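Chemist: Residue numbers (UniProt numbering): 1 to 234.
1. Using C-beta distances below 6 angstroms, list every residue in its chain close to residue 78, excluding the 5 sequence neighbours before and after it, in chain order.
2. Should residue 162 and residue 124 be called a contact, given that it needs their Cβ atoms to be closer than 8 angstroms?
3. Between the region 218-232 and the region 122-140, do at least 3 Cβ pairs fall closer than 8 angstroms?
4. Is the CB-CB distance between residue 131 and residue 154 below 8 angstroms?
5. Are the CB atoms of residue 196 and residue 122 nearer to each other than 8 angstroms?
6. In terms of DSSP beta bridges, what is residue 150 paired with?
7. Any idea which residues DSSP pairs residue 168 with across the strands?
8. Could you check how far apart the C-beta atoms of residue 231 and residue 178 are, in whole angstroms? I think they sit under 8 angstroms.
9. Using DSSP bridges, identify the partner residues of residue 229.
10. Could you give the distance in angstroms between the alpha-carbon of residue 129 and the alpha-carbon of residue 60?
11. Per DSSP, residue 155 forms a beta bridge with which residues?
12. From residue 40 to residue 31, what does the alpha carbon distance come to, in whole angstroms?
13. Could you give the residue range of the alpha helix (DSSP H) that holds residue 183?
14. Per DSSP, which residues does residue 209 bridge with? Please list them.
15. Return the Cβ separation of residue 206 and residue 186 in integer angstroms, given the expectation that the two are a contact with Cβ distance under 8 angstroms.
16. Which residue's Cα is closest to the Cα of residue 198: 181, 159, 126?
17. So, is residue 147 buried or exposed, given that buried needs 16 or more other C-beta atoms within 10 angstroms?
18. Is it buried or exposed for residue 180, if we count other Cβ within 10 angstroms and need 16 for buried?
19. Measure the alpha-carbon distance for residue 21 versus residue 156 and round it to whole angstroms.
Structure follows, in structure tokens:
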């Protein structure tokens, strides 16, 4: 698709140049009172057609990039070998490591802290809009988006990083399922970063996230392995 769009873009660009040359020739011929096999009306129609085609390519390219961003992020989601946990599960964890639960705060450096204010606003708007769409898909029965139903919102704060606001249902899940939700949210965040023009590489670590419930911090990424999480005991 990218190759086709590039070829069409070059063809339209060349057509614009040809149109300008034709306009110059038409102007010169009119100055000399010489007949020309086309008129300004013809050039105007061609110009409008080229503008419409150019706009169509921009829209198609934007949609293609959006789809590619979602596909890339999906490929980065956690362990494809394991089946998706059942979000209806409220079973307790089989084991818990006390040393993990005592691990502290955020990483020393936030790689997203250098985002400009306008980019942060654009990112948060994208997170909000796309989360609503994913929740709508989940309510229609699309299993790939069921994780979004236990999330009330995702926002990036320059001081606190990414915050995942969860609802009551999240608190009923076991640790494995909470981890699955967190990993899906991290992939979702990376997809939105790609959509606003951010640089996300396949080997980049997952973004560090905090889990909040009713304004209280109930969990967060592990410092040296952001794809794993520490949750407060209920």
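Using N, Cα and C, we set each Cβ at its ideal position, and we do this for glycine too. These figures come from a predicted structure and were not determined experimentally.
Modeler: Here's the rundown:
1. Here the model assigns residue 78 a pLDDT of 41, short of 50, so the residue's position is not dependable, and the following value carries that caveat. Only 183 meet the Cβ criterion.
2. Here residue 162 is not near residue 124, since their CB atoms are 8 angstroms or more apart.
3. No, the region 218-232 does not touch the region 122-140.
4. Closer than 8 angstroms, so yes.
5. Judged by beta-carbon spacing, residue 122 lies within the 8 angstroms limit of residue 196, meaning their Cβ atoms are closer than that value.
6. According to DSSP, residue 150 bridges with nothing at all.
7. In the DSSP output, where bridge partners are listed per residue, residue 168 has none listed.
8. Contact flag correct, Cβ pair sits at about 6 angstroms.
9. Paired residues: 221.
10. Between the C-alpha atoms of residue 129 and residue 60 there is a straight-line separation of about 20 angstroms.
11. Looking at the DSSP output, residue 155 sits in a beta bridge with 163.
12. Going from the Cα of residue 40 to the Cα of residue 31 covers about 14 angstroms.
13. Per DSSP, residue 183 is one residue of the alpha helix (DSSP H) stretching across 175-195.
14. Residue 209 is bridged by DSSP to 162.
15. With 8 angstroms as the limit, residue 206 and residue 186 qualify as a contact, their Cβ atoms being about 4 angstroms apart.
16. Looking at 181, 159, 126, the one whose alpha-carbon comes closest to that of residue 198 is 126.
17. Result: buried.
18. Buried: at least 16 other Cβ atoms inside 10 Å.
19. Near 50 angstroms, if we compare the C-alpha coordinates of residue 156 and residue 21.
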